[in-house]
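Visitor:
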Amino acid sequence: MDDWLRACGRDELADGEFAIVELDDTLIAVYRVGEAFFAIEDVCTHDGGELAGGRLCGYELECPRHASRFDLRSGKVLGPPALTDTRVFPVRLSDDAVYVRDDRWDD
Ligand code: FES
-16 MDDWLRACGR DELADGEFAI VELDDTLIAV YRVGEAFFAI EDVCTHDGGE LAGGRLCGYE
44 LECPRHASRF DLRSGKVLGP PALTDTRVFP VRLSDDAVYV RDDRWDD
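With the numbering used here as the guide, the letters of the sequence shown map in order to residues -16 to 90.
Structure follows, in structure tokens:
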């Protein structure tokens, strides 16, 4: 668990809520959807706006600025004006807590 960062306790987030953590100078929004947790970079690929706090519909997160939509599970862009996917991060549940990890430099 060395390179895993504790984001929050499992019970700290209700369905649809999020927590923001900083990992390697990157802001990550950790969302709860039902009993599952997802970690997405908190930066919209359209114009750099924060994604967290945008409208959430199922797994679809809408940017609060110009309404681009992203899939929380994959980071795939689902609706314009953004044209580029955003990043997602691995999530692990352990000891009643939610952990995230930056896998950018994994081989
Ligand atoms: S900054 Fe997100 S849609 Fe423009």
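Glycine residues also receive a C-beta, built at the ideal position from the N, C-alpha and C atoms.
#1: If you follow the beta strand (DSSP E) that Arg(-7) is in, where does it begin and where does it stop?
#2: Going straight from the alpha carbon of Gly(-1) to that of Gly37, what length do you get?
#3: Relative to ligand 1, is the shortest distance from any of its heavy atoms to the C-beta of Arg38 smaller than 6 Å?
#4: Which one of Gly58, Arg75, Leu76, His49 has the shortest CA to CA distance from Pro64?
#5: Can Ser175 be considered in contact with ligand 1, in the sense that its beta carbon sits closer than 6 Å to one or more heavy atoms?
#6: Determine which residues share a DSSP beta bridge with Ser77 and list them.
#7: In or out: Cys27 buried (at least 16 other Cβ within 10 Å) or exposed?
#8: What does DSSP give as the partner residues of Tyr14 in its beta bridges?
#9: Just mark Arg15 as buried or exposed, buried being the case when its beta carbon has 16 or more other beta carbons within 10 Å.
Guide: With the structure as the only source:
#1: Counting along the chain, Arg(-7) falls outside any beta strand (DSSP E), and DSSP gives it neither H nor E.
#2: 11 Å
#3: no
#4: His49
#5: It is not possible to answer for residue 175, since the shown part of the chain is limited to -16 through 90.
#6: Ala80
#7: Residue environment: Cys27 is assigned as buried (16 or more neighbouring CB atoms within 10 Å of its CB, all protein chains considered).
#8: Phe1, Phe21
#9: buried
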